[in-house]
Amino acid sequence: MVRQQHYSITHSGHLSRAIRNLGDHLAATQHAAPTTPVENHLKPLAGESFYIVVRWMVIALLLVISPLITGESIFFSWEISHPGTLLIVCYALFNLVATVALALKPLAFVNRAAFVIDIFTITLLTYFDQSGTDLFYPLYFFPLIGAGMQVSARRGLLLGCLAAAGYISAFASLRLAIDTGLTSNPLLIVAVVLRCITLILIPWLTGGLAGRSGTVNRQRVAEAQQETQRATFQANTYREQTKALYDVATTLSATMNYQSVLDVMLIECRKLVPYNSALALLSTGEPDELYVAAAAGLSEAEKSLRPMISAGPVGEALRTGDPAIVSDPARQPELQPFASLRTSRSVCVVPLRASLKSYGMLVIAGNAQDVFGHEQLGKVTALANYAIIALHNAQLVHDLRQERSKLISKEEEVRHQLARDLHDGPAQALAAIAMNVEFIKRLLERDPSRVEGELDKLIAMAKRTAHEVRTMLFELRPLVLETQGLDTTLRQYFERFQGNATEIILESEPITAELDTKTEGTLFNIVQESVNNALKHAQATHIWVRLKQHATTLETVVQDDGRGFDLKRVMASYEQRGSFGLLNIDERAKLIGGTAELQSTLGQGTVVKVIIPLH
679 MVRQQHYSIT HSGHLSRAIR NLGDHLAATQ HAAPTTPVEN HLKPLAGESF YIVVRWMVIA
739 LLLVISPLIT GESIFFSWEI SHPGTLLIVC YALFNLVATV ALALKPLAFV NRAAFVIDIF
799 TITLLTYFDQ SGTDLFYPLY FFPLIGAGMQ VSARRGLLLG CLAAAGYISA FASLRLAIDT
859 GLTSNPLLIV AVVLRCITLI LIPWLTGGLA GRSGTVNRQR VAEAQQETQR ATFQANTYRE
919 QTKALYDVAT TLSATMNYQS VLDVMLIECR KLVPYNSALA LLSTGEPDEL YVAAAAGLSE
979 AEKSLRPMIS AGPVGEALRT GDPAIVSDPA RQPELQPFAS LRTSRSVCVV PLRASLKSYG
1039 MLVIAGNAQD VFGHEQLGKV TALANYAIIA LHNAQLVHDL RQERSKLISK EEEVRHQLAR
1099 DLHDGPAQAL AAIAMNVEFI KRLLERDPSR VEGELDKLIA MAKRTAHEVR TMLFELRPLV
1159 LETQGLDTTL RQYFERFQGN ATEIILESEP ITAELDTKTE GTLFNIVQES VNNALKHAQA
1219 THIWVRLKQH ATTLETVVQD DGRGFDLKRV MASYEQRGSF GLLNIDERAK LIGGTAELQS
1279 TLGQGTVVKV IIPLH
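For the sequence shown, the numbering used here begins at 679 and goes up steadily by one.
Structure follows, in structure tokens:
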């Protein structure tokens, strides 16, 4: 029996050397195999570290049950005689070195050969097990499952064959050592074969399941990465578009000239949506007529065209204010006159509209059929909205400049009028009074009897001058208007003209509506302007001033029976004449929300009608 056991151990020594050589080969091929960055990152964490922890648990279990197998306890005696106990201690020392090797690169080869050492150790434990219970067979599962998850299917199958060979060798040697043999029980042979087949298939099955799970995980990671890339791309695109629109808004907000606004709009639009031709069409003021206010990619002859709005898609977009994409520009009546657009396959039409006012439209053409989609349409619409705001602001600035020019002209006109009135009236009267005083002083020495009559003339002249001054002050700002209202103010004003050749007749119904100071002052100025014009130019016998209150409006009419004038000719020559009397009436009426109408015919007098709303 001793001879047979010695032979078996010698046989196991040859087997161990073969296993070590195979382990070195597997370690070398595993080390040389290319791995992905993800594998390099996951192997130390999910493979070697976890597997070493499992090995420590197995070693702890072996140390606990070793007294039951060998009859020796390492915890209570330092004398070790059984080879199984010595093998467990050596296995623990190996796992300690493997644990240290995780942090030391020079010892990395230890963990590469760990699966082979595990199989070799379990094989020896199986050989040294004299209980006949096949106690250590389940321990083969740990290295084989670990190998199946970390090495290729071919190498895993090779390790499975190695484990099966080691197991059947140890089992057979053990049976021979205890003289039981293998052929005494046929079922035992079947069981051993099944166990060997199980050991061979475990790495292959584990690797297949792990590979499938890894493939699914990699697919999920790839999908997540793609989704992240799409989200990042969309975020970057949105950021670039927002920055572009911000740059456009900044550029347009600094432009106060409407022509510059349109030119900048076309330039910036090319950055957002590349196009072949583009033009901005604005209204000419005539019904359904447009003109080219700005263009890019058009000939000089095309820039002078004036298309008419029709009932097609382009005209519908302009009327509704909704942008549209037209795929057949050559068939659109508004676009047919432009030769540069006939070859285009797609046109984007964006109305230039602010509130309820339509300025025109922006037309952008491209040669590709699908060059303009909903995304491009949104970009152009956003750009057009910025442009229309800038265009509206430019229009307001233009209007303000015109109003400022008019205010300066009106102020200058009032100054000249006041200077003329003072020169022709009170200034000459005061000079005459001073001359009469000097005359009376000399007359007092030469002919005292005539002094009293001259003093009476002087007093009358002084009264007339004072009356003229009070009338001028009344016209500038009648204080009675703030206390007694428009009707009383007009009556007092017209009383100052009694005795003139022209009779002023006030026909006023009771005004029950409450008018604010601004409205009353503006109406008084309109009546004053109209009456003064009639007195100076109409050569009228009568002037009628009528105030009539309706349900929602107040109507004021100033009519004379003078010689009248050619209204069109006078209005056309206002700028050359430098007078703004009639224009003042219209603009003052608009300031209080009303309208002014002027009618005049040669030889038939003049009628000024002003209607204001009552709130």
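Virtual Cβ for every residue (Gly too), placed ideally from N, Cα, C.
Would you mind working out which of the options sits nearest residue i, comparing C-alpha positions?
{"i": "Leu1133", "options": "Leu940, Val1147 and Glu1116", "result": "Glu1116"}
{"i": "Gly999", "options": "Val778, Glu1187, Leu1040 and Phe1050", "result": "Leu1040"}
{"i": "Arg1031", "options": "Ala958, Leu865 and Ile1183", "result": "Ala958"}
{"i": "Val951", "options": "Val899, Ala1046 and Pro985", "result": "Ala1046"}
{"i": "Leu1055", "options": "Met943, Ala1002 and Gly1272", "result": "Ala1002"}
{"i": "Pro745", "options": "Leu865, Asn954, Gly762 and Arg1093", "result": "Gly762"}
{"i": "Tyr936", "options": "Asn1211, Gln1227, Leu771 and Ala1068", "result": "Ala1068"}
{"i": "Leu1281", "options": "Ala1274, Leu1269, Asp1244 and Lys1268", "result": "The residue you asked about is not Leu; residue 1281 is Gly in the sequence shown. Gly1281 has its Cα closest to that of Asp1244, out of Ala1274, Leu1269, Asp1244 and Lys1268."}
{"i": "Met827", "options": "Leu887, Val939, Leu872 and Ser1087", "result": "Leu887"}
{"i": "Leu817", "options": "Leu780, Ala842, Asp1125 and Thr928", "result": "Ala842"}
{"i": "Gly838", "options": "Leu852, Ser847, Phe849 and Phe819", "result": "Phe819"}
{"i": "Gly885", "options": "His1094, Arg832 and Leu852", "result": "Arg832"}
{"i": "Ala1109", "options": "Leu1122, Met1139, Asp1125 and Glu1130", "result": "Met1139"}
{"i": "Ala1072", "options": "Asp1194, Pro965, Ser938 and His1094", "result": "Ser938"}
{"i": "Gly1177", "options": "Ala1191, Cys768, Gln1162 and Thr1219", "result": "Thr1219"}
{"i": "Gly975", "options": "Phe1016, Gln1080 and Val1027", "result": "Phe1016"}
{"i": "Ile747", "options": "Ile795, Ala781, Asp966 and Thr811", "result": "Thr811"}
{"i": "Ile797", "options": "Gly963, Arg1020, Asn773 and Leu822", "result": "Leu822"}
One question on the structure: do residue i and residue j come within less than 8 Å of each other, judged by their Cβ atoms?
{"i": "Pro1029", "j": "Ala1060", "result": "no"}
{"i": "Val1209", "j": "Val1236", "result": "yes"}
{"i": "Val1285", "j": "Ile1263", "result": "no"}
{"i": "Ser977", "j": "Ser1022", "result": "no"}
{"i": "Ala956", "j": "Ala973", "result": "yes"}
{"i": "Pro1188", "j": "Val1147", "result": "no"}
{"i": "Ala1294", "j": "Arg1082", "result": "The structure shown does not extend to residue 1294, since the chain spans only 679 to 1293, so no value can be given for it."}
{"i": "Met934", "j": "Val1075", "result": "yes"}
{"i": "Ile1042", "j": "Cys947", "result": "yes"}
{"i": "Leu983", "j": "Gly1038", "result": "no"}
{"i": "Val1198", "j": "Leu1159", "result": "Here residue 1198 is Glu; the residue named in the question, Val, does not match the sequence. Against a cut-off of 8 Å, the Cβ pair of Leu1159 and Glu1198 comes out as a contact."}
{"i": "Ala770", "j": "Ala779", "result": "no"}
{"i": "Leu1151", "j": "Phe1202", "result": "no"}
{"i": "Arg1241", "j": "Gln1277", "result": "no"}
{"i": "Val1288", "j": "Gly1272", "result": "yes"}
{"i": "Leu852", "j": "Leu803", "result": "no"}
{"i": "Leu1136", "j": "Ile1111", "result": "yes"}
{"i": "Phe793", "j": "Gly824", "result": "yes"}
{"i": "Pro881", "j": "Leu840", "result": "no"}
{"i": "Thr801", "j": "Ala738", "result": "no"}
{"i": "Val1223", "j": "Leu1168", "result": "yes"}
{"i": "Ala776", "j": "Ile730", "result": "yes"}
Which residues does DSSP list as the beta-bridge partners of residue i?
{"i": "Asp1238", "result": "Ile1221 and Thr1284"}
{"i": "Glu1233", "result": "Lys1226 and Ile1289"}
{"i": "Pro991", "result": "Paired residues: none, contrary to the question."}
{"i": "Gly1038", "result": "Leu960 and Leu1030"}
{"i": "Ala974", "result": "Ala956"}
{"i": "Val1004", "result": "Val1025"}
{"i": "Gln1277", "result": "Val1285"}
{"i": "Met986", "result": "Glu967"}
{"i": "Ala1043", "result": "Ser955 and Val1025"}
Between the C-alpha atoms of residue i and residue j, what's the straight-line distance to the nearest angstrom?
{"i": "Tyr845", "j": "Tyr815", "result": "8 Å"}
{"i": "Leu1232", "j": "Glu1207", "result": "18 Å"}
{"i": "Ile945", "j": "Leu1292", "result": "49 Å"}
{"i": "Gln808", "j": "Thr799", "result": "16 Å"}
{"i": "Lys783", "j": "Thr876", "result": "35 Å"}
{"i": "Ile1290", "j": "Gln1170", "result": "23 Å"}
{"i": "Val1049", "j": "Met986", "result": "26 Å"}
{"i": "Ala1212", "j": "Ile1221", "result": "8 Å"}
{"i": "Asp925", "j": "Phe911", "result": "21 Å"}
{"i": "Ala989", "j": "Asp1006", "result": "15 Å"}
{"i": "Gln897", "j": "Gln903", "result": "10 Å"}
{"i": "Glu1089", "j": "Leu1121", "result": "46 Å"}
{"i": "Leu872", "j": "Leu879", "result": "10 Å"}
{"i": "Arg1266", "j": "Ile1204", "result": "7 Å"}
{"i": "Gln907", "j": "Asn895", "result": "18 Å"}
{"i": "Ala1191", "j": "Gln1080", "result": "34 Å"}
{"i": "Asp1125", "j": "Asn1114", "result": "15 Å"}
{"i": "His1357", "j": "Leu960", "result": "Examination of residue 1357 is not possible in this model, given that the chain is present from 679 through 1293 alone."}
{"i": "Cys874", "j": "Ile867", "result": "11 Å"}
Practice problem: At 4 residues or longer, and completely inside the segment 1171-1212: list those alpha helix (DSSP H) runs for me, N to C. | Solution: 1195-1211
Quiz item: What runs of the alpha helix (DSSP H), each 4 residues or longer, lie entirely inside the segment 1045-1082?
Solution: none
Quiz item: Considering only residues of the segment 767-801, which uninterrupted alpha helix (DSSP H) runs meet the minimum length of 4 residues and lie entirely inside it, listed in chain order?
Solution: 786-790
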